[in-house]
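Asker: Dropping the structure in here first, questions after.
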Amino acid sequence: MSISIMAVSFDARDAAQLAQFWAQVLHRTVNDGATEDSASIPADTDGEQGPLLLFHKVAEDKTVKNRVHFDLRSSDVAADAERLINLGAKQIRSLAENDNRWIGFIDPDGNEFDLVAS
826 MSISIMAVSF DARDAAQLAQ FWAQVLHRTV NDGATEDSAS IPADTDGEQG
876 PLLLFHKVAE DKTVKNRVHF DLRSSDVAAD AERLINLGAK QIRSLAENDN
926 RWIGFIDPDG NEFDLVAS
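Each residue of the sequence shown is one higher than the last, beginning at 826 in our numbering.
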């Protein structure tokens, strides 16, 4: 027996809108049939882009910091940071330690994620 990650699930105010944001961020597409209640972005077949992403509408707003978040790798942090902001992300921090640099963001529903220089 073995365990593997099937999907990463997001709670959302509007599942289709949040799925569209993440599809644009990751250069992927939202599956047909996306609604305010439920949406998904398929896993890629070559393993380069990541797992299935699921989005589910919930009534409550996010109130505390995420305990898990994405670290997105970028070869051009400045250009990708600008693109993320234009897509609707908000920058919340920028950090540099030794040779490491990353920028913290929140998506339109307040989920934290980091953009990390590769």
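Glycine included, C-beta positions come from ideal geometry on N, C-alpha and C.
(1) Helix, strand or coil: which one does DSSP assign to Q874?
(2) Give the C-beta separation of F880 and A840 to the nearest angstrom, bearing in mind that I take them to be a contact with Cβ-Cβ under 8 angstroms.
(3) Taking the C-alpha atoms as reference points, what is the distance between L843 and P933?
(4) Assuming K887 and G935 make a contact with CB atoms under 8 angstroms, what is their CB distance in whole Å?
(5) For T870 and T854, what's the separation of their Cα atoms in angstroms?
(6) One question on the structure: do L940 and S899 come within less than 8 angstroms of each other, judged by their Cβ atoms?
(7) Give me, in chain order, the residues of the same chain whose beta-carbon lies closer than 8 angstroms to that of F876; leave out the 5 immediate sequence neighbours on both sides.
Answerer: From the atom records:
(1) coil
(2) 4 angstroms
(3) 7 angstroms
(4) 4 angstroms
(5) 13 angstroms
(6) yes
(7) Per the sequence shown, the amino acid found at residue 876 is Pro instead of Phe. Counting only Cβ-Cβ distances below 8 angstroms, and skipping sequence neighbours, we find I830, M831, A832, V833 and A868.
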